[in-house]
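Report on the structure given below.
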Ligand code: AMP
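In this note's numbering, the protein residues as written are 209 to 778.
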């Protein structure tokens with residue numbers, strides 16, 4: 209009996225696992241599979257991406273479904289379409305010897321008609337993002353009547369994205385649900401509330417420490433003035449010539465702008481963010497996976513859960529506000545036992561964040577100097593020379609040309625040939641870096657130079673964690689860059705709507721799907737009253753007081769009526 213068989217998995221699944229080359233179950237699989245294949249126990253798994261959690265719930269689902277019954281029996285809900293497709297791909301691998309089992313993805317940004325058609329053909333497992341799933345339910349295109357198993361994958365992220373009501377709605381409307389399984393990297397109160405409200409005595413399993421998946425990551429950070437961030441990025445990319453990496457930005461606008469700049473300067477890079485159509489995103493991902501592009505620049509939402517082999521570097525163009533996001537980002541590298549590097553470009557006032565990260569990941573972060581122009585040239589030079597020495601000369605018909613070549617170079621020394629080859633390859637580099645400036649932020653920097661990134665929109669407080677005693681309240685709003693806002697236009701919008709003065713505002717954290725606004729406690733009520741329940745572009749605005757980055761809905765316990773207007777997030 210092999211180790212997977214011992215967990216109770218049936219032969220067809222064990223065979224598929226063997227084909228995938230999995231030798232032993234990961235800790236989450238060891239703990240979850242025996243519980244989940246019973247089909248009757250509710251379950252909470254605290255596990256991050258990279259721990260093998262997809263197989264931990266995917267295999268039991270495939271074992272439990274009755275393939276002779278052609279209706280949805282299991283529902284997997286996850287935050288993004290990329291993750292949705294990835295889960296479906298994984299299920300495809302696991303069901304290699306269970307040909308009649310059907311799993312279909314349901315996600316926004318692609319034709320709903322095609323997805324409805326696919327569901328109509330008969331499906332056992334539906335993998336869905338919340339927005340599109342609700343659309344399907346409202347169109348009566350999906351039958352939840354006989355769904356026995358519901359899996360919430362990356363529950364914390366779904367709640368962070370404002371999908372609380374959607375999840376509640378689905379859980380309330382799967383009346384034949386026999387078990388609910390929730391996977392989450394963290395357990396904030398909102399995730400806890402779901403388990404309290406919708407689960408019966410869930411068995412809770414935590415795998416490893418938070419850094420289990422990341423033990424092979426070398427965390428490095430570089431401190432530079434904010435205005436040198438782009439140059440620093442370029443220099444770090446140049447300093448790592450074999451880099452195959454993902455660069456994370458906070459906003460789509462940043463991702464787009466940096467891509468355009470780097471493209472113009474000849475870098476092999478493409479962007480992945482929510483403004484692209486699904487087709488464009490698939491194309492970009494395909495090219496990145498095939499290594500036709502060396503660098504991918506992405507927003508957190510777009511890159512959520514992406515599993516690409518061999519990523520050598522993750523670069524945080526800016527440190528994320530949410531420390532958990534750091535773990536998700538860095539987890540894109542050092543997968544499957546390999547090692548990787550996670551680089552963060554910071555400014556001098558972010559050292560407290562690095563300390564927080566060190567505590568959270570239980571890992572040491574290494575502060576390194578941003579390489580000088582000379583360092584970069586040297587690195588590139590020797591990288592090229594290594595490549596030159598490793599070039600495969602066993603196949604070409606070089607001998608034909610050798611006599612003539614040798615004659616041509618009769619009077620040229622080896623040294624001169626090397627110099628000429630280098631000149632061809634490196635002149636532009638040497639020129640560019642000839643008088644390259646020192647990009648390291650120096651000790652007295654913070655007192656002297658303005659830092660653009662810290663000029664917050666309200667103009668008064670610095671970035672940093674929210675301080676409850678600061679006299680500010682923190683408001684959540686379900687509008688973000690996805691709704692066409694950029695920082696200035698968003699500020700203008702909320703000021704116009706609320707008729708409040710800019711002085712009442714602190715930091716505004718505008719993200720793709722939503723935003724958090726710090727506001728004078730005395731003005732918070734007025735702001736909520738002015739915004740909550742109003743419409744923007746035909747979409748209902750929801751605003752309420754937030755806590756610790758998570759929306760705190762006023763329907764704790766599921767009392768409030770569901771808002772009928774759908775949020776189109778994808
Ligand atoms: P996940 O946490 O589901 O995103 O999985 C992370 C990666 O681990 C995926 O590439 C899986 O194919 C791989 N994986 C899952 N289970 C195992 C296992 N038992 N042994 C080796 N690799 C695995």
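Note that CB positions come from ideal geometry on N, CA and C, so glycine has one too. Since we're looking at a predicted model, the values are computed, not measured.
Determine, using beta carbons only, whether residue 350 and residue 287 come nearer to each other than 8 Å. Here residue 350 is taken as the residue at index 142 of the chain shown, counted from 1. Here residue 287 is taken as the residue at index 79 of the chain shown, counted from 1. No, these two residues do not count as a Cβ contact at 8 Å.
Using the three-state DSSP reduction, which class does residue 453 fall into: helix, strand or coil? Stepping through the chain shown from its first residue, residue 453 is reached at position 245. Three-state DSSP puts residue 453 in a strand.
Leaving out the 5 sequence neighbours to the left and right, which residues in its chain are closer than 7 Å to residue 717 when beta-carbon positions are compared? Here residue 717 refers to the residue found at position 509 of the chain shown. So the qualifying residues of the chain are 529, 723 and 724.
Would the beta-carbon of residue 706 fall within 8 Å of that of residue 742? Within the chain shown, residue 706 is the residue found at index 498, counting from 1. Within the chain shown, residue 742 is the residue found at index 534, counting from 1. Contact flag unset, no.
Classification of residue 590 by the beta-carbon crowding that lies within 10 angstroms, buried from 16 upward: The count along the chain shown starts at 1 and reaches residue 590 at position 382. It counts as exposed.
Please state whether DSSP places residue 708 in a helix, a strand or coil. As a first step, residue 708 is located in the chain shown; it is residue number 500 there, counting from the start. Residue 708 falls in the coil class under three-state DSSP.
Among 344, 750, 642 and 472, nearest to residue 583 - alpha-carbon criterion: For the purposes of this step, residue 583 is taken as residue 375 along the chain shown, with counting starting at 1. It is 642.
C-beta atoms of residue 359 and residue 331 nearer than 8 Å: The count along the chain shown starts at 1 and reaches residue 359 at position 151. The count along the chain shown starts at 1 and reaches residue 331 at position 123. Cβ distance not < 8 Å, so residue 359 and residue 331 don't count as in contact.
Please give the ranges of any beta strand (DSSP E) in the segment 500-556, keeping only runs that are unbroken, at least 3 residues long and fully inside the region. 503-507, 521-524 and 548-554
Is it buried or exposed, residue 446, if we count other Cβ atoms within 10 angstroms and call 16 or more buried? Residue numbering aside, residue 446 sits at position 238 when the chain shown is read from its first letter. Result: buried.
The beta strand (DSSP E) spanning residue 391 covers which residue range? Translated into positions along the chain shown, residue 391 becomes position 183. Residues 387-392.
Let me know the secondary structure DSSP gives residue 714 once reduced to three states. Reading the chain shown from its first residue, position 506 is the one you call residue 714. DSSP places residue 714 in strand when its eight states are reduced to three.
Taking the C-alpha atoms as reference points, what is the distance between residue 606 and residue 588? Looking up residue 606 in the chain shown gives position 398. Looking up residue 588 in the chain shown gives position 380. C-alpha separation (whole angstroms): 27 Å.
Nearest candidate by alpha-carbon position, reference residue 297, set 266, 633 and 506: Within the chain shown, residue 297 is the residue found at index 89, counting from 1. The option with the nearest alpha carbon to residue 297 is 266.
Following the continuous alpha helix (DSSP H) through residue 478, name the residue where it begins and the one where it ends. Translated into the one-based positions of the chain shown, residue 478 becomes position 270. Here residue 478 belongs to no alpha helix (DSSP H); instead the beta strand (DSSP E) covers 477-480.
Given residue 290, which residues of its chain have a CB within under 8 Å of its CB, disregarding the five upstream and five downstream residues? Start at 1 with the first residue of the chain shown, and residue 290 comes out as number 82. Here the set comprises 489, 493, 510, 511, 512, 513 and 514.
Can you tell me the Cα-Cα spacing of residue 747 and residue 285, whole angstroms? As a position in the chain shown, residue 747 is number 539, starting the count at 1. As a position in the chain shown, residue 285 is number 77, starting the count at 1. Looking at the two C-alpha atoms, the distance is approximately 23 Å.
Cutting at 6 Å between CB atoms, please list the residues of its own chain near residue 407, excluding the five before and the five after it. The residue you call residue 407 lines up with position 199 of the chain shown. Same-chain partners within the cutoff: 250 and 388.
Could you check whether residue 225 and residue 432 sit closer than 8 Å to each other, using their CB atoms as the reference points? Counting from one through the chain shown, the residue named residue 432 turns up at place 224. Counting from one through the chain shown, the residue named residue 225 turns up at place 17. No.
Residue 259 vs residue 236 beta-carbon contact at 8 Å: Looking up residue 259 in the chain shown gives position 51. Looking up residue 236 in the chain shown gives position 28. Yes, they are a contact pair.
Between the C-alpha atoms of residue 779 and residue 495, what's the straight-line distance to the nearest angstrom? The structure shown does not extend to residue 779, since the chain spans only 209 to 778, so no value can be given for it.
Tell me the residue span of the beta strand (DSSP E) that contains residue 640. Working through the chain shown from its first residue, we reach residue 640 at position 432. That residue, residue 640, is in no beta strand (DSSP E); its alpha helix (DSSP H) goes 622-641.
Taking buried to mean at least 16 other C-beta atoms within 10 Å of its own C-beta, is residue 574 buried or exposed? As a first step, residue 574 is located in the chain shown; it is residue number 366 there, counting from the start. With fewer than 16 other Cβ atoms within 10 Å, it is exposed.
8 Å contact criterion, which residue 367 and residue 346 should meet: CB distance rounded: Counting from one through the chain shown, the residue named residue 367 turns up at place 159. Counting from one through the chain shown, the residue named residue 346 turns up at place 138. About 21 Å separates the two Cβ atoms, so there is no contact after all.
Nearest-angstrom Cα separation, counted from residue 507 out to residue 481: On the chain shown, residue 481 is found 273 positions in, with the first residue counted as 1. On the chain shown, residue 507 is found 299 positions in, with the first residue counted as 1. Cα-Cα distance, rounded: 6 Å.
Endpoints, beta strand (DSSP E) assigned at residue 430: As a working mapping, residue 430 is identified with position 222 in the chain shown. Unbroken beta strand (DSSP E) run through residue 430: 425-431.
In the structure shown, what three-state DSSP assignment does residue 618 receive? Translated into the one-based positions of the chain shown, residue 618 becomes position 410. DSSP places residue 618 in coil when its eight states are reduced to three.
Taking the alpha helix (DSSP H) that residue 447 falls in, what are its first and last residues? Taking the first residue of the chain shown as position 1, residue 447 is located at position 239. Counting along the chain, the alpha helix (DSSP H) containing residue 447 begins and ends at 437-447.
Between residue 728 and residue 712, is the Cβ-Cβ spacing less than 8 Å? Position 520 of the chain shown, counted from the first residue, corresponds to residue 728. Position 504 of the chain shown, counted from the first residue, corresponds to residue 712. Yes, they are a contact pair.
Less than 7 Å separating the Cβ of residue 231 from some heavy atom of the ligand MN? As presented, the structure is devoid of the ligand MN, carrying the ligand AMP as its sole ligands.
Beta strand (DSSP E) segments (min. 3 residues) lying fully within the segment 228-265: 251-254
Going by the DSSP bridge assignment, what does residue 748 pair with across the sheet? Against the chain shown, residue 748 aligns to sequence position 540. Per DSSP, 743.
Rounding to the nearest angstrom, what Cα-Cα distance links residue 411 and residue 452 in this structure? Indexing the chain shown from 1 puts residue 411 at position 203. Indexing the chain shown from 1 puts residue 452 at position 244. Cα-Cα distance, rounded: 40 Å.
Can you tell me where the beta strand (DSSP E) holding residue 591 begins and where it ends? For this step, residue 591 is matched to residue 383 along the chain shown. Not the beta strand (DSSP E): residue 591 falls in the alpha helix (DSSP H), residues 581-598.
In whole angstroms, give me the CA-to-CA distance for residue 740 and residue 380. If you number the chain shown from 1, residue 740 lands on position 532. If you number the chain shown from 1, residue 380 lands on position 172. Distance between the alpha carbons of residue 740 and residue 380 is about 25 Å.
Continuous beta strand (DSSP E) stretch holding residue 313: start and end: Your numbering for residue 313 matches position 105 in the chain shown. Start and end: 311-314.
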